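Protein chains in written order, with the working numbering: chain A, 1 to 177; chain B, 1001 to 1251.
Right, one structure below, let's go through it.
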C-alpha cells in the first residue's frame, strides 16, 4: 500500500487519466464490459507499481500498463475473436478516399466496425494517435515499438483503416461464404 | 499511390512530428507531388471523420466509482492500528484527517483538470465545426479593414484583426462563435494548407504566458493579453501556432 504522500501523488497524477485508460482498453478489447474489468485490473497494477514510478509522462506510463494488461487479457480469453480481424486480401485495392470517408463521418458504426477490424497492433496506434492524441514518443513508450518505426506502423495502420472503410461490403460478402 | 513518401514521411508531416528542416523540405515536395497532396487530404478527411464521430469512450460513472472504491481501500490506514492506547486514537484521527484532506485535494485537482480539458474540448469542437463546408467564415476577406468593422455591433468588444500574409499567415476572414457559453470572435488565418482559428473574448484576468496542448490531433495555444483571452487552434505544427501567437502579441 502507498504511504499518504504517494497516495496523494497517485490521486493527483494517475486518476485524471482514468478515461484514457478505459478508452484504450475499450478499443483494444472491443467490448465495454471486458474493458471495465481489464482497466480496473490495470489501475490496481498501476497503484501497486506506483512506488516505482520515477516521474515523466504519467499518461504514457499508465497506458503502457493498460496495454500490457489488455494483451495478457486477450491471450487468456481467446474466443476466436481474432478470426474477424482484418485480412488485407479480402479488401482488395484502395478506391478514391475523400468521398467515401465523408460518408463515414456520418456513420459512427461504420468507423467503429472498420477500426475494430484492424489487427490489434494497428488498432492501438490509431487509437493512441487519433483518439487519445499521443505523440510518437508516447506511442513508442506505450506500445514498446521503437520510436523510429512508429511513423511507418501508423502509415500501414491508416492505410488498412482506409481500405476497411472503403470496402466493408466486399468483406462482409466474403465472410458470409 | 506511386510516391513512396505517402507511406513514410507524409505521416510525420501530418502528425506535426517532423523537425522544421524536414517539414519545410516536405512542403517543397508537396508543391510538385499530387500523390502526396491527395494522400494528405485523405488523411485529413479520415481524421475529421474520426473526430466528428466522437470515438472517445469515456469511463462509465459506475466503473469510475468502482475503481475509486477499490483504490480507496488502500487508504483505510486507521484499521491497521492494533493498539488501544491513546496514541492509536490520535493516529486514527490523523489518518481520518489525511483521508479527508486527500479527498478534498482530489476533488480540487479534478476540477482544475476538468476546466482545462473542457476548454480544450470546446475549442477543438468549435474548430472542427468551422471546417464543415460553408462554416469557416461569415465574412470572407483578406482585408483587416473589412473584417474588423464587420465585428462591430455583433460583439460587445473589439477583437484585434491583422493580416499577416507577409509573415505566412494570410487573413481569411472572421465569424462569430460560441465558447464556454459566451459569444466570441473567431478570426481565421491560413497556414499553407491548414486553417488556424483564433478565438478571442474579453477577460478581467491579468496577462498570462501561453499554455498549450494537443487534443485529437489538433494543437491549441491559449494566452491572455491586454484584457483579451486568445485561443488559437489548428492542425498546423505547434511551431506555426507559436509564430502566430508572437505576431498577435506584438501587434
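Think of the CB as a built atom: it goes at the ideal place given N, C-alpha and C, for glycine as much as any other residue.
These figures come from a predicted structure and were not determined experimentally.
Margin query: For a quick check, are the C-beta atoms of residue 127/A and residue 64/A less than 9 Å apart?
Written below: Sequence index remark: in the first chain, residue 127/A carries index 127 (1-based). Sequence index remark: in the first chain, residue 64/A carries index 64 (1-based). Cβ distance not < 9 Å, so residue 127/A and residue 64/A don't count as in contact.
Margin query: Taking DSSP's pairing of strands, which residues face residue 1232/B in a bridge?
Written below: In the second chain, the residue the question calls residue 1232/B occupies position 232. DSSP lists 1198/B and 1221/B as partners of residue 1232/B.
Next item on the list: Just list the alpha helix (DSSP H) runs in the stretch 6-75 of chain A, keeping only unbroken ones of 4 residues or longer that don't cross its boundaries, in chain order.
Entry: 18-29 and 32-49
Item checked: chain A contact for residue 1195/B (CB, 9 Å cutoff) -> Numbered from 1 along the second chain, position 195 holds the residue referred to as residue 1195/B. No - not a single Cβ of chain A is within 9 Å of the one on residue 1195/B.
Note to self: Tell me the rounded alpha-carbon separation between residue 138/A and residue 57/A.
What the structure shows: The sequence position of residue 138/A within the first chain is 138, counting from 1. The sequence position of residue 57/A within the first chain is 57, counting from 1. Spanning the two alpha carbons is a distance of roughly 8 Å.
Notebook entry, point to check: Quick one: Cα of residue 1125/B to Cα of residue 1200/B, how far?
Noted result: Working through the second chain from its first residue, we reach residue 1125/B at position 125. Working through the second chain from its first residue, we reach residue 1200/B at position 200. Those two C-alpha atoms are separated by around 16 Å.
Notebook entry, point to check: For chain B, is any of its Cβ atoms less than 9 Å away from the one on residue 91/A?
Noted result: Taking the first chain and counting its residues from 1, one reaches residue 91/A at position 91. Note on residue 91/A: pLDDT 44, under 50, position unreliable in the model; no value is reported.
Next item on the list: Grab the span of the beta strand (DSSP E) containing residue 1176/B for me, first residue to last.
Entry: Walking along the second chain from the start, residue 1176/B turns up at place 176. Residue 1176/B -> beta strand (DSSP E) spans 1171-1179.
Next item on the list: Give the DSSP bridge partners of residue 1013/B, in chain order.
Entry: Here the question's residue 1013/B lines up with position 13 in the second chain. Residue 1013/B is not bridged by DSSP to any residue.
Check: Who are the Cβ neighbours of residue 1026/B in its own chain at under 7 Å, not counting the five residues just before and after it?
Finding: The residue given as residue 1026/B occupies position 26 in the second chain. 1009, 1013 and 1018.
Next item on the list: Give the interface partners of residue 167/A over in chain B, defined as CB-CB distance under 8 Å, in chain order.
Entry: Here the question's residue 167/A lines up with position 167 in the first chain. None at all; the shortest Cβ gap to chain B is about 15 Å.
Margin query: Within 9 Å of any Cβ in chain A, is that where the Cβ of residue 1063/B sits?
Written below: The count along the second chain starts at 1 and reaches residue 1063/B at position 63. Judged by the 9 Å Cβ criterion, residue 1063/B is in contact with chain A.
Next item on the list: Determine the chain A residues that contact residue 1017/B at a beta-carbon separation under 8 Å, and present them in chain order.
Entry: Within the second chain, residue 1017/B is the residue found at index 17, counting from 1. By Cβ distance, chain A contributes 135, 136 and 151.
Check: Roughly how many angstroms lie between the CA atoms of residue 1003/B and residue 1128/B, to the nearest whole one?
Finding: Position 3 of the second chain, counted from the first residue, corresponds to residue 1003/B. Position 128 of the second chain, counted from the first residue, corresponds to residue 1128/B. Approximately 29 Å, taken between the alpha carbons.
Checklist line | Cα-Cα separation, residue 117/A to residue 164/A | finding: On the first chain, residue 117/A is found 117 positions in, with the first residue counted as 1. On the first chain, residue 164/A is found 164 positions in, with the first residue counted as 1. Distance between the alpha carbons of residue 117/A and residue 164/A: 7 Å.
Next item on the list: With DSSP collapsed to three states, give me the class of residue 1063/B.
Entry: By one-based count along the second chain, residue 1063/B stands at place 63. Three-state result, residue 1063/B: helix.
Checklist line | Coarse secondary structure for residue 1143/B, derived from DSSP in three states | finding: The residue you call residue 1143/B lines up with position 143 of the second chain. Note: residue 1143/B maps to coil in three-state DSSP.
Next item on the list: Decide yes or no for the touch test of the stretch 1182-1189 of chain B against the stretch 1148-1165 of chain B: beta carbon pairs closer than 8 Å, at least 3 of them.
Entry: yes
Item checked: residue 1083/B to residue 15/A span [Cα, whole Å] -> Translated into the one-based positions of the second chain, residue 1083/B becomes position 83. Translated into the one-based positions of the first chain, residue 15/A becomes position 15. Low confidence applies here, because residue 1083/B scores a pLDDT of 41, under 50, leaving its location unreliable; read the following figure in that light. Their backbone Cα atoms lie some 33 Å apart in a straight line.
Item checked: Straight-line Cα distance separating residue 1218/B from residue 135/A -> Translated into positions along the first chain, residue 135/A becomes position 135. Translated into positions along the second chain, residue 1218/B becomes position 218. The straight-line gap from Cα to Cα measures roughly 11 Å.
Notebook entry, point to check: Got a sec, what are the start and stop residues for the beta strand (DSSP E) residue 1210/B sits in?
Noted result: On the second chain, residue 1210/B is found 210 positions in, with the first residue counted as 1. Residue range 1208-1215 is occupied by the beta strand (DSSP E) that includes residue 1210/B.
Notebook entry, point to check: By the criterion of Cβ-Cβ separation under 7 Å, what are the contact partners of residue 1145/B in chain A?
Noted result: Looking up residue 1145/B in the second chain gives position 145. Simply none; closest approach about 36 Å.
Check: Taking 9 Å as the CB-CB limit, is residue 49/A close to chain B?
Finding: Within the first chain, residue 49/A is the residue found at index 49, counting from 1. Closer than 9 Å: no.
Notebook entry, point to check: Count the other CB atoms within 10 Å of the CB of residue 1145/B; is the residue buried (16 or more) or exposed (fewer)?
Noted result: By one-based count along the second chain, residue 1145/B stands at place 145. Exposed is the call here.
Next item on the list: Output the boundary residues of the beta strand (DSSP E) element that contains residue 1184/B.
Entry: Stepping through the second chain from its first residue, residue 1184/B is reached at position 184. Its beta strand (DSSP E) spans residues 1182-1191.
Item checked: Contact set for residue 158/A: own chain, Cβ-Cβ below 8 Å, skip 5 residues either direction -> Taking the first chain and counting its residues from 1, one reaches residue 158/A at position 158. For residue 158/A, where only same-chain residues beyond five positions count, the Cβ hits under 8 Å are 126.
Checklist line | chain C contacts from the stretch 27-57 of chain A (Cβ-Cβ distance under 8 Å) | finding: Among the protein chains in the structure shown, which are A and B, there is no chain C.
Check: Looking at residue 1216/B and residue 1050/B, is the spacing between their C-beta atoms short of 9 Å?
Finding: As a first step, residue 1050/B is located in the second chain; it is residue number 50 there, counting from the start. As a first step, residue 1216/B is located in the second chain; it is residue number 216 there, counting from the start. Against a cut-off of 9 Å, the Cβ pair of residue 1216/B and residue 1050/B comes out as a contact.
Checklist line | CB-CB length for residue 1196/B against residue 1236/B, believed under 8 Å | finding: On the second chain, position 196 is the one that residue 1196/B refers to. On the second chain, position 236 is the one that residue 1236/B refers to. Residue 1196/B to residue 1236/B, Cβ: 6 Å. Contact.
Margin query: Between residue 1129/B and chain A, is any beta-carbon pair separated by less than 9 Å?
Written below: Translated into positions along the second chain, residue 1129/B becomes position 129. Judged by the 9 Å Cβ criterion, residue 1129/B is not in contact with chain A.
Notebook entry, point to check: For residue 1240/B, which residues of its own chain have a beta-carbon under 6 Å away from its beta-carbon, when the five flanking residues on both sides are left out?
Noted result: The residue you call residue 1240/B lines up with position 240 of the second chain. Closer than 6 Å at the Cβ level, and outside the excluded window around residue 1240/B, lie 1191.
Margin query: What does DSSP give as the partner residue(s) for residue 1055/B in the beta ladder?
Written below: To locate residue 1055/B, count along the second chain from 1; it is residue 55. Residue 1055/B pairs with nothing; no bridge assigned.
Margin query: Any beta carbon of chain A sitting closer than 9 Å to that of residue 1051/B?
Written below: Looking up residue 1051/B in the second chain gives position 51. Yes, residue 1051/B lies at the interface with chain A (some Cβ there is under 9 Å from its Cβ).
Check: Expressed to the nearest angstrom, what Euclidean distance is found between the alpha-carbon atoms of residue 1198/B and residue 1042/B?
Finding: The sequence position of residue 1198/B within the second chain is 198, counting from 1. The sequence position of residue 1042/B within the second chain is 42, counting from 1. Their backbone Cα atoms lie some 25 Å apart in a straight line.
Next item on the list: Give the straight-line distance between the Cα atoms of residue 113/A and residue 27/A, rounded to the nearest whole angstrom.
Entry: The sequence position of residue 113/A within the first chain is 113, counting from 1. The sequence position of residue 27/A within the first chain is 27, counting from 1. In a straight line, the C-alpha of residue 113/A is about 11 Å away from that of residue 27/A.
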